Structures are given as C-alpha cells and as structure tokens.
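Data block below; observations after.
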Amino acid sequence: MDTLENRTMALAATLQAIAQVQYIARHGETDEAQLAAALKSVLVTEPDSIDDIYPNKQVMANGFRWVINQLGDNHQKDVEITRYLVGLLSLERKLSRNNGALNVLSERINQLQRQLQHFQITDDQMISNFASIYSDVISNLGPKIQISGNPHMLKQTLVQNKIRALLLAAMRSAVLWRQLGGKRRQLVFSRKAIVDTAKQFLTLH
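Numbering (my numbering) for the sequence shown: 937 to 1141.
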C-alpha cells in the first residue's frame, strides 16, 4: 500500500477521533465500536503494517467522510473540527521534539497493555487510565485544546475521561501521519489527492 493511502488512513483516524470528541462533548455518548477502535490503535506500538493499527476499515468510514468534508470543495467544513485538528497537530510537533515525554508515553502505554488483562478496553477504569496519560504527558506540552459542548455533559467525569482518551487516540494517529511523511502544507496543496484516496476507501469498504 503506498504512502498516500497510509497517510490518508492515519488522517482519517485522527479526524474520526476528533469528531468523536466533538460529539461526546455535545451529547455525552459516543459509538462504542469507534471508541474501542480508537483506543486499540494507541496500544499498537510495533506494527508490521498499518493494518495492524486500523484492522477494521468499516469502523473508519466516518473518518474518511470527515477527510472528504474538511478537505473537499464543499462549503460545509466544520470550523470546530479544524480548530481541534490544528491544536492537536501543534501539540504533536511539541511531543515529537520532547524525548522525555515520548519515553514516559511509551512506559505508560506498556502499563495499559498489562491492565487489559483485567479489563475490557472500553471499561470506565481503562478509559480513565487512557485519559490520565493524556492529562499527564500530552496536555502540558502546549496550549490546551479548548473543548466546546454542552456544559452539563462536560461536567461529568466519564465524559471528560472519554474526551481525553479520544484525544490521546487522535494524537497517536497524528504521530503516525507525520511518521508517514504527513505535513500540514499537504492539507492545503495535496487536498484533491487525499480526498480522492478517502473516496476510494469508502467505495471499497
């Protein structure tokens, strides 16, 4: 699979996790299969191929739709999703230059893998564990991403934890996107090729 396809998949996974953040901040709930897929992607630290990270392309359909929506020629772009993506990519750049944070992140993810022996990945305790990694390691690297939504929902601990856990998953895919050669300028200058690739994924799956 060529790198454009791989990069598009990583970008789709990033946007899908961000879109889940937006939805849960507004409604207090999220799609369980998408949540599980996002969290599982964090735990795959030594993949042989990108399919190890994103084995189920059907679960990623929303992500490909978000790629088309945000980078395509329509005029329905979601400004809030763009703001979250820009904030996340800024944090990712800071993370990539911080060896101390990367080492701690690696250790904490290894702990998560051990905890999975005792919990399902979407159990409240696991979600809390994912969330604490985001709070402890990622959140302090730069300006915090300000999440908008329903104030009643945003006060709930489980909602806060799911948002942070999904931001960690979005960060994992953003890291992969950059490792595969993704650059912010491509989101402007290579939009058509990325959108066409996302459309192909939706057609195939």
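Each residue gets a CB set at the ideal place from its N, CA and C atoms; glycine is no exception.
Just so we're clear, the structure is a prediction, and the values are computed from it rather than from any experiment.
Residue interval of the alpha helix (DSSP H) (run including residue i)
i	result
residue 993	No alpha helix (DSSP H) contains residue 993, which DSSP labels as neither H nor E.
residue 944	939-963
residue 1133	1127-1140
residue 976	968-979
residue 987	986-989
Sub-8 Å separation of residue i and residue j beta-carbons
i	j	result
residue 975	residue 1106	no
residue 1055	residue 1047	no
residue 1000	residue 1125	no
residue 1069	residue 1103	no
residue 1032	residue 1114	yes
residue 1057	residue 961	no
residue 1083	residue 957	yes
residue 1152	residue 1027	There is no way to answer for residue 1152, as the model of the chain reaches only from 937 to 1141.
residue 955	residue 1118	no
residue 1008	residue 1131	yes
residue 996	residue 1067	no
Contacting residues, own chain, Cβ-Cβ under 6 Å from residue i (five flanking each side not counted)
i	result
residue 989	977, 980 and 983
residue 1041	1073
residue 998	952
residue 1096	none
residue 985	none
residue 1023	1081
Sequence-distant residues of its chain with Cβ nearer than 8 Å to residue i (five each side left out)
i	result
residue 1006	951, 1013, 1014, 1017, 1018 and 1021
residue 1045	978, 979, 981 and 1069
residue 994	1141
residue 963	1086 and 1089
residue 966	956, 959, 960, 1098 and 1102
residue 1111	1028, 1031 and 1032
Whole-number beta carbon distance between residue j and residue i, since they are thought to touch under 8 Å
i	j	result
residue 953	residue 1109	7 Å
residue 1129	residue 1003	About 11 Å separates the two Cβ atoms, so there is no contact after all.
residue 1052	residue 1120	Wrong, their Cβ atoms sit about 34 Å apart, outside the cutoff.
Neighbourhood of residue i by C-beta, 7 Å cutoff - its chain only, sequence neighbours within 5 removed
i	result
residue 939	1116 and 1117
residue 968	1058
residue 1039	none
residue 1034	1077
residue 1092	964
residue 1065	1048 and 1051
field: beta strand (DSSP E) runs wholly inside the stretch 1070-1109, at least 3 long, in chain order
entry: none
message: To test your reading of the DSSP string, which unbroken beta strand (DSSP E) runs of 3 or more residues are found completely within the stretch 1030-1067?
response: none
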